[in-house]
Every structure is written in structure tokens, then in C-alpha cells.
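K.L.:
Mapping of the first sequence onto the UniProt record's numbering: position 477 corresponds to residue 477, and the numbering continues sequentially without gaps.
For every residue, glycine included, the Cβ atom is placed at its ideal position computed from N, Cα and C.
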Amino acid sequence: MISLSLPTPVSPSTLQLNRHSSHKIPFPGRHNSTSITFESLKTQLIHHADVGHIQEAVSTLDLMSRANLTPDLTAYSVLLKSCIRTRNLDMGRLIHSKLTESKLDLDTVVLNSLISLYSKCGDWRKAEEIFSSMGELRDFVSWSAMISCYASNGFNRESILMFFEMVKFGERPNQYCFSAAIQACSNSEYSRIGIVIFGFLLKTGYFESDVCVGCALIDLFTKGFDDLVSARKVFDKMPERNSVSWTQMITRFSQMGSPRDAVDLFFNMVISGFIPDRFTFSSCLSACSELGSLPIGQQLHSWVIKTGLCWDVCVGCSLVDMYAKCASDGSMDNSRKAFDRMPNHNVMSWTTIITGYVQNGGHENEAIELYYRMLTEGKVKPNHFTFASLLKACGNLFDLRLGQQIYGQSVKLGFSSVNCVGNSLISMYTKNDRIVDARKAFEFLFEKNLVSYNALVDGLDSDEAFKLFNNQIEKNTNIGVDAFTFASLLSGAASIGAVGKGEQIHARLLKSGFESNLCISNALISMYARCGNIEAGFRVFNEMYGRNVISWTSIITGFAKHGFAKRALELFKCMLNSGIEPNEVTYVAVLSACSHAGLIDEGWMYFNLMYKAHRIRPRMEHYACMVDILGRSGFLDRAMLFIESMPFTANALVWRTLLSACRIHNNTELGKKAAEMIIERDPNDPTAYVLLSNLYASAGQWENVAKIRRGMKERSLVKEAGCSWIEIENKVHKFYVGDTKHPEARHIYKELDELVVRIKEKGYVPATNFVLHEVEEELKEQYLFQHSEKIALAYGLISTRNPKPIRIFKNLRVCGDCHNMMKYVSAATGREIVVRDSNRFHHIKDGMCSCNDYW
DNA sequence: GTAGGGTTAG
């Protein structure tokens, strides 16, 4: 692990002081003291201040005082202006203290400058202090400066209140006041007040004459109301536009999900004769990132090279980000090149490249290494965004020790209470199943926003998540809900197959207006599919408009998992006809449809089509699907040859697939080899040992079974306990093998006993070879009837009525005897039984299963 | 002396 240490932060103002103090003060007549006049010194001072040499200007000021040529207020004013322009708070403070020492009477102009200085440098308290001490000296500029001070320092409420106070005081607000106050109203909390101020503004005529007021209105409609149409109307009506207003429209379109329009606006701007600057290119490049359009991005890249703007840090950052987001193959090469070519780096550029590595996945170590370089070589202090990305990297790496170390550094630098750092910390913990720590991090947050809630909801189990949603999120109108909240809730319900809960969330969605959201529709499709109600999923799919590749992939995966290979493949053809490009996940779904239905020829056909038609190179998952297709159909030797012919070394997943095929076809020899390969690659994976021991057990080789069990014990590997669950009236009931904890256990076992007698009459014979212990036949039968899926089935039968299907869920693969027994039960009782196991769905009806006993 | 545009967490 890299050991991390933070460099001592160096403030930019200290650097500047050191550099200038070693310089000689350029002063033409310095040896001839008789030529020093008040006017010449003042000219000197103004010149230094104008070109930004504040240190020299202050020296000149000192010189004036020493020569008894007392500087007047305009001299100080010039200096303050220079400090405001360069945001130099230290020098500004120095000048302020010199002003106080000078005993001059401060006038309105100087005091207004001081307000502006402190406001722009973030010291709003000092600005406030000066404003309230002004009394009679206050003029409309003081009011404007204070209104915008509050607005730009995030005190929207105070800014709006001050605007109305000013009106009450009898001052007429000017364009500066209007734009600052409307800006303060731009967040949704105060957007209605913004409209009131807008009405007031229309009476004044500033709307027609001032570009900044127009810009503020664009923000009011976009940020306050999500209303791009009205913002566009304001923009179109603006009599005067400049490159800032164009850039703002481009930025807002890009940020609010219309990157295509943003790019169009950019070209319109150029055609209309406005010159794009670094901000414009930066925004337009962000729109390209959003669009994922590499060609337009590259076109802009060559443009910024021609104009020389590529050396700008903002533009450089956007280029790095664009190449990271547009890399269709997840490669960071181009992004890294753009980063390495930048002449100067700042926090933002380091953070952008680190974030790129984290978001493209699989490059987390590079991200951590860059962080180390940022601290040592770059001598740059990380900010809250840097920490947010780094914590995400640690979450992906499952390296909580490093994560906690990095979090410690954010604490030292004072970022730990910043929302996005805390939120990242929560999701780092939820991703690593550390719910207790996630909750702690959540409680620690000073201000919890929707992202915080969503991060936690995502990690909680479905019940808890739903509780949090009902009790806190929905009741607290300040938090609001968004698509992420619903997506997390839906995936929570889907993971345990709680269709009742899923339906409740669906009902809430219809009320909330999110049901037309593409991500939500997609989440609904998978929720219904994963809960066993594929037809409901298909209805959602049919009723939505604007389906994307994820919508199609979700429904195809659904049909494939349910064993409806024909419908899955038909939908795949429809997808191709409608012009949607499949991705690698779509092909996993298509190939798994083939494997679940034993369609060997189709499987080969699609495997070859992937690259030929869509330039998608098969990944490990696709090879695993092909091994599955061959292995399940009994062509174990061909599957083995196929593995040996792969262009890269097969991983544990591929061998695990072969091993389960060996179990179905009782091939102990090949199974042994597969298990060895898995254990070689993943020595701590209990599933390999379990599968191998099952293989020996079904071949009756009990000695070997015992040997494996011993091996597992030595490594202290624990087999995942098999369990099944069923949702009855929105409550999930979970059962383990031989479970008697359920309040209705007696009733359940009575039903099970009666059931066995009934189906034995119809020809059911318990398949005792599925019992994995070496015991007497009769005992084996007893063990068999304690399987969790049978208990869940019996409970389902006594608690629901026909024609409601009984939906059972199991964390492992369903046992062969249980599967057979359920077929008999479906025939004897007329009930439809749907089972979701770790691999697929079984629809069992009238003694038949949709898997054709092939799973 | 007073105003506007770029990176971000789920």
C-alpha cells in the first residue's frame, strides 16, 4: 500500500509576497529625492495597481506616507480595486488596516469597495459588518453590493430579504440588484419569489436593456423550475446578447439533459458571429461528454488547438473529462494524453483525471497513484470532489483500510462534513456490506440531502429501505425524492423478489410523476421480471416510449431468465429492426436465452454475429455462456476444447459453469479438473468445494465428500446456508433447512406430510440421491422433506388461494427432488408455482416446468 | 465602488 502524507499547504499570497520582496522597486527618480512629488508617486501607484503589482503599489503608498505626502482616498481606492480584481484578500486586509491607521474619513466609494472586497473573497461577515456600520453613507451601490454578497456566498434567503428591505427603504433597485436577487431565487426553494421579482422587473425596463438580468432569468427558469422552454424564450427575447449569455444557455442545456441542443446552440452562436471563449468551449465539451460523442469532441479539440485555448486549465479539464466519458472501450489513454499535455495543473485538473479513472472502472489503482502524485509532485491540496472520487475508488477496490485512511485526510483538511464526501463514504460502506458503518456515516452528516438518503437506501435491505422511505424521506418535503430513490427501492424489492412491495412503489411512482423517466421504466421492467411477474414487466415495456438499449436488454434478460427463449430471441430481432445497437450485456442475455433453452446452433450463430455485425469482442461472460450451452447439452468434451481455444485464460466463472454441467451429466473426472481450476484461481471460494462435494455425493463417493468438508473446515470456509422465502401480503417469510421457527410451523409440516402422501399416489418417488449425507434411505427421505423450498411451498399453499401463483425464491440453485416434487404438486393442486433460484426462473404448471427439466 | 458562464457524491 502507498503511504500517504500531505504536503504543507502554501497559500498563494505568501508566494507572491516572497517573490516580490526580492525584487527592486522600479522607481525612476529614486536617487533624486527632490523630484518626488505627490502626483508622480500617485501615478506610479496607479500604474503598479493597474498591472496587478500590488506589492509594489503598496510600497509606493508607504513611500508616500514616509515622505509626508499623505495618500488620499483615491489612492487607497485604486489599490482596493486591484485587490478585488485579483481576489487578493491578504493584501486587501493590509490596505484596510492602513486605511484605518491613516485616520482618513472613509467615504461611500471606499466603503463600497471594502464590501465588495470581502464579499468576493468569501468573508461575508466582514462585508456585513461594514454595511451595517455605514448608516447615512449607504447608497444604492452599497445595497447592490450587499445583495450580491449574500447571493454569491450562498445566503439566498438573506439576499432576497435585503432586496425587499431596500425597496422598503425607498431605494430603487437597479439592474445589479435585480440580477443578484433573481439569482438568489434560482434554487427551487425560492423560485416562486423569483417570479414575483420578475413581475416587478418587467415594469422597470431593465429586462430589455441588461444582459445580466437576462442571464439571471435564464437561471431562474432552468434551476428553479427545470423549465428549459421558458429559459429559451427569455434568451430569444433578449435584445442584446453576448458570449456570456450564449455560453450560459449552452451550459444549462448541457446540464439539464439536452446536450444535443447545447451543441446546436454552440454552432448557432458561431454562425451569429460571437466568438467562443474558454468557458464556451469548456461547456460545449461537457455537452459532448454527456452525449458521448467523440467525433464532435475531437472537432472541438482541434478548434481549441487552433485558437490556443487548449493551454487554458478549464478547457484542458473539459478535454480530459470528454475523453474519459467518450471512451467507448473504457480506455483512459486519450484522456491521460490530454492531461499530460496540460502545461499547468490545479485541483480541478487532478480531480478530473482521478474521477475519470474511477468512473471508467477497473482503473482504481491508477486513480490512487495519481492522488499520490498530486500531493507530492503537484503540491496541490485536494478538495471535497477529490475525496468523493477517491472514496468511491476505495469502495470499488473493497479496500476499506485505504478508504478510512483517505477519509482521515479529508477530516484533517476540514472536508469531512461536506456533503459529497460524507455521501461517498456512505456508499463506500454500503458497497462493502458494512451497513452499521454506513448508518454511522449517515448520522454523522451535518446536513443530509437526497443523495445521502439514496446512498443509504441503496445499501439497506428492502424492508428497512422502505421504512426509511415512508418514515423520513417522503414526509420531509425538504429532501424530496428523485429517480435514484425509486430506482434503489425498486432494485431492493427486486433483489428479494418482493413483488407486493414492488407494486406499492409502482403506485407511488404514478403519483410522483417519475413513471415516464426512462431509468425508472427500465428499473420497473427488471423489478417485475426478477420478482417472477414477467408479463407485468412486458406490459411496462410495451407502454413506455423512447426505449433505449437498457430497456431492451432488461426485457430480453427477463424472458431469458424465465426460460422463454423464443420470445427473448424474437424481441432481440425487433430490437435490431428498430435500429437500437445492442451492447455486450444484450449479448449476454441473448446467449443465456440460448443456453437455458439448449439452442446450440442459435448460440453459435449469435456468438459469431457479435463481432461481425456489432464489433463487440466477446468477453469472459460470453465465453461462459457458450460453455454453458455446450456443457448443459452434454457436449462436455467440446466445452473443454472451447475453453482451451479461448484467446485469454478462463477465469473461475467459466470453470464454475463447466463444473455445474459436469454435475448434471455426472462426469466426475472432468468435474474434478474444473473444481481444481476454480480453487487454483479463487482458493477461498466455497462454491467450488460445495459443487465438487455435491458431485462426489451424487456419485456416492462419500469418502471424497468428507475430505472436501475437512479441507473447507481447515480454511474456515463457510458454505452459504440455503434458504427460501415467499412474500405473503407484503411480508417476506424466510425459511432455512428444517426450520421450525415460523409461528405456523406445525401447520406447515402437517400440510407437507399430507402433500407427500397425495403425490406419492400419483407416482412421485423421492430422489434420495440428492441427499448429501451417507445415511439410511428412510432418513434420506426425511432430510429431503426438510428442504427450505418445500417448506416455503407448503406455507404458500396454506396462505394463498387459487388462481394466485405461488412465487418462491431461493438463494441457491433449486434441488432436483424439490423441482420434481413441485411438478407433482402443481398437477395435484392445480396451482401455478414460480420458483426463482440463483440461476433462473421455473414456471411450473400442470406437472410441467418451463425449463423442461433443463437448468 | 455593484452582476453573469467551467469540475461533484447516489
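Would you mind reading off the limits of the alpha helix (DSSP H) that contains residue 861?
P.N.:
The shown model of the chain, from 1 to 855, leaves out residue 861, and the question about it has no answer.
K.L.:
For the region 195-203 and the region 226-245, state whether three or more C-beta atom pairs, one from each stretch, are separated by less than 8 Å.
P.N.:
no
K.L.:
To the nearest angstrom, how far is the alpha carbon of A652 from that of R681?
P.N.:
Against the first sequence, residue 652 aligns to sequence position 652. Against the first sequence, residue 681 aligns to sequence position 681. When rounded, the distance between both Cα atoms is 6 Å.
K.L.:
From the DSSP output, read off the bridge partner residues of V499.
P.N.:
The sequence position of residue 499 within the first sequence is 499, counting from 1. In the DSSP output, where bridge partners are listed per residue, V499 has none listed.
K.L.:
Check the DSSP bridge columns for I726 and list the partner residues they point to.
P.N.:
Position 726 of the first sequence, counted from the first residue, corresponds to residue 726. Answer by DSSP bridge pairing, in chain order: H733, I808.
K.L.:
Measuring only the C-alpha atoms, how far is A536 from P766?
P.N.:
Position 536 of the first sequence, counted from the start, is the residue given in the question as residue 536. Position 766 of the first sequence, counted from the start, is the residue given in the question as residue 766. Just so you know, the alpha carbons of A536 and P766 end up roughly 35 Å apart.
K.L.:
Can you tell me whether I580 is helix, strand or coil according to DSSP?
P.N.:
Locating residue 580 in the first sequence gives position 580, where the first residue counts as 1. Of the three classes helix, strand and coil, the one that applies to I580 here is coil, per DSSP.
K.L.:
Should D846 be labelled buried (16 or more other beta-carbon atoms within 10 Å of its own) or exposed?
P.N.:
Reading the first sequence from its first residue, position 846 is the one you call residue 846. Exposed, since its Cβ has fewer than 16 Cβ neighbours within 10 Å.
K.L.:
Going by DSSP, which residues form a beta bridge with K845?
P.N.:
Within the first sequence, the letter at position 845 stands for residue 845. The partner list for K845 (beta bridge, DSSP) reads M848.
K.L.:
Can you give me the start and stop residues for the beta strand (DSSP E) that R172 sits inside?
P.N.:
Reading the first sequence from its first residue, position 172 is the one you call residue 172. Neither: R172 is in no beta strand (DSSP E) and is coded neither H nor E.
K.L.:
I'd like the span of the beta strand (DSSP E) that includes V835, first residue to last.
P.N.:
The residue given as residue 835 occupies position 835 in the first sequence. Per DSSP, V835 belongs to the beta strand (DSSP E) from 833-836.
K.L.:
To the nearest whole angstrom, what separates the beta carbons of I115 and C149, a pair I think is in contact under 8 Å?
P.N.:
Looking up residue 115 in the first sequence gives position 115. Looking up residue 149 in the first sequence gives position 149. Sure, about 7 Å apart at Cβ, within 8 Å.
K.L.:
Please list, in chain order, all residues of the same chain as N86 whose beta carbon is under 8 Å from its beta carbon, the five residues on each side excluded.
P.N.:
By one-based count along the first sequence, residue 86 stands at place 86. Residue identity check: residue 86 is Thr in the sequence provided, not Asn. For T86, where only same-chain residues beyond five positions count, the Cβ hits under 8 Å are G52, I54.
K.L.:
Grouping DSSP H, G and I as helix and E and B as strand, with all else coil, what is Y824?
P.N.:
For the purposes of this step, residue 824 is taken as the residue at position 824 of the first sequence. In the three-state reduction of the DSSP assignment, Y824 falls in the helix class, which pools H, G and I.
K.L.:
Sorted by chain position, which residues of the same chain lie with C-beta nearer than 7 Å to V588's C-beta, five sequence neighbours on each side aside?
P.N.:
As a working note, residue 588 is residue 588 in the first sequence. The residues are E621, H622, C625.
K.L.:
With distances taken from CA atoms, which of G816, N187, W143 is nearest Q175?
P.N.:
Residue numbering aside, residue 175 sits at position 175 when the first sequence is read from its first letter. Residue W143 is the option with its Cα nearest to Q175.
K.L.:
Going by other Cβ atoms of all chains shown within 10 Å of its Cβ, with 16 needed for buried, is K804 buried or exposed?
P.N.:
To locate residue 804, count along the first sequence from 1; it is residue 804. Exposed is the call here.
K.L.:
In three-state DSSP terms, what is M605?
P.N.:
Residue 605 sits at position 605 when you count from the first residue of the first sequence. Annotated three-state conformation of M605 is helix, per DSSP.
K.L.:
Taking only the alpha-carbon atoms, compute the straight-line gap between H96 and F131 and give it to the nearest angstrom.
P.N.:
Position 96 of the first sequence, counted from the first residue, corresponds to residue 96. Position 131 of the first sequence, counted from the first residue, corresponds to residue 131. Their backbone Cα atoms lie some 15 Å apart in a straight line.
K.L.:
Excluding five sequence neighbours on each side, which residues of the same chain lie with their C-beta closer than 6 Å to the C-beta of W655?
P.N.:
For this step, residue 655 is matched to residue 655 along the first sequence. The beta carbon of W655 is closer than 6 Å to those of A674, M677, I678 in its chain, skipping five residues each way along the sequence.
K.L.:
With C-beta atoms as the reference, is G558 less than 7 Å away from E727?
P.N.:
If you number the first sequence from 1, residue 558 lands on position 558. If you number the first sequence from 1, residue 727 lands on position 727. Contact: no.
K.L.:
How close, in whole Å, do the beta carbons of A393 and V358 come, if the pair is a contact with beta carbons under 8 Å?
P.N.:
Looking up residue 393 in the first sequence gives position 393. Looking up residue 358 in the first sequence gives position 358. So it is a contact: roughly 5 Å between Cβ atoms.
K.L.:
Would F281 and V304 qualify as a contact pair, given that the criterion is a beta-carbon distance under 7 Å?
P.N.:
Along the first sequence, read from residue 1 onward, the residue named residue 281 stands at position 281. Along the first sequence, read from residue 1 onward, the residue named residue 304 stands at position 304. Yes, Cβ-Cβ distance for F281 and V304 is below 7 Å.
K.L.:
Pull up the distance between the alpha-carbon of K790 and that of L456, whole angstroms please.
P.N.:
By 1-based counting over the first sequence, the position of residue 790 is 790. By 1-based counting over the first sequence, the position of residue 456 is 456. C-alpha separation (whole angstroms): 34 Å.
K.L.:
Excluding five sequence neighbours on each side, which residues of the same chain lie with their C-beta closer than 6 Å to the C-beta of L119?
P.N.:
Your numbering for residue 119 matches position 119 in the first sequence. With the sequence shown as reference, residue 119 is identified as Ser, and Leu is not the correct amino acid for it. Once the five neighbours on either side are set aside, the close Cβ partners of S119 are A127, C149.
K.L.:
Which residues in the same chain as G546 place their Cβ atom closer than 8 Å to its Cβ, once the five residues preceding and following it in sequence are excluded?
P.N.:
Along the first sequence, read from residue 1 onward, the residue named residue 546 stands at position 546. Contacts found: L518.
K.L.:
Going along the chain, which residues of its own chain have a beta-carbon closer than 7 Å to the beta-carbon of R746, five neighbours each way excluded?
P.N.:
As a first step, residue 746 is located in the first sequence; it is residue number 746 there, counting from the start. Answer for R746: no residue qualifies.
K.L.:
What residue range is occupied by the uninterrupted alpha helix (DSSP H) comprising Q44?
P.N.:
Taking the first sequence and counting its residues from 1, the one referred to as residue 44 is at position 44. Taken as a continuous stretch (DSSP letters only), the alpha helix (DSSP H) holding Q44 covers 38-50.
K.L.:
Should A794 be labelled buried (16 or more other beta-carbon atoms within 10 Å of its own) or exposed?
P.N.:
Translated into the one-based positions of the first sequence, residue 794 becomes position 794. Buried is the call here.
K.L.:
Could you tell me the distance, in whole angstroms, from the CA atom of R30 to the CA atom of Y76?
P.N.:
Taking the first residue of the first sequence as position 1, residue 30 is located at position 30. Taking the first residue of the first sequence as position 1, residue 76 is located at position 76. Residue placement at R30 cannot be trusted, given a pLDDT of 44 that sits under 50; the coordinates are not used to answer.
K.L.:
Roughly how many whole angstroms lie between the Cα atoms of F841 and V834?
P.N.:
Counting from one through the first sequence, the residue named residue 841 turns up at place 841. Counting from one through the first sequence, the residue named residue 834 turns up at place 834. Each residue's alpha carbon lies about 7 Å from the other.
K.L.:
Just the Cα atoms here: how many angstroms apart are V590 and I643?
P.N.:
To locate residue 590, count along the first sequence from 1; it is residue 590. To locate residue 643, count along the first sequence from 1; it is residue 643. V590 and I643: Cα-Cα distance of roughly 20 Å.
K.L.:
Could you name the residues of the same chain whose beta carbon sits closer than 7 Å to that of A67, not counting the 5 residues immediately before and after it, in chain order?
P.N.:
As a first step, residue 67 is located in the first sequence; it is residue number 67 there, counting from the start. So the list reads I36, once near-sequence residues are dropped.
K.L.:
CB-CB under 6 Å to L641, same chain, minus the five flanking residues each way: which ones, in chain order?
P.N.:
On the first sequence, position 641 is the one that residue 641 refers to. If we look at L641 and ignore the five residues flanking it on each side, it has no Cβ neighbours.
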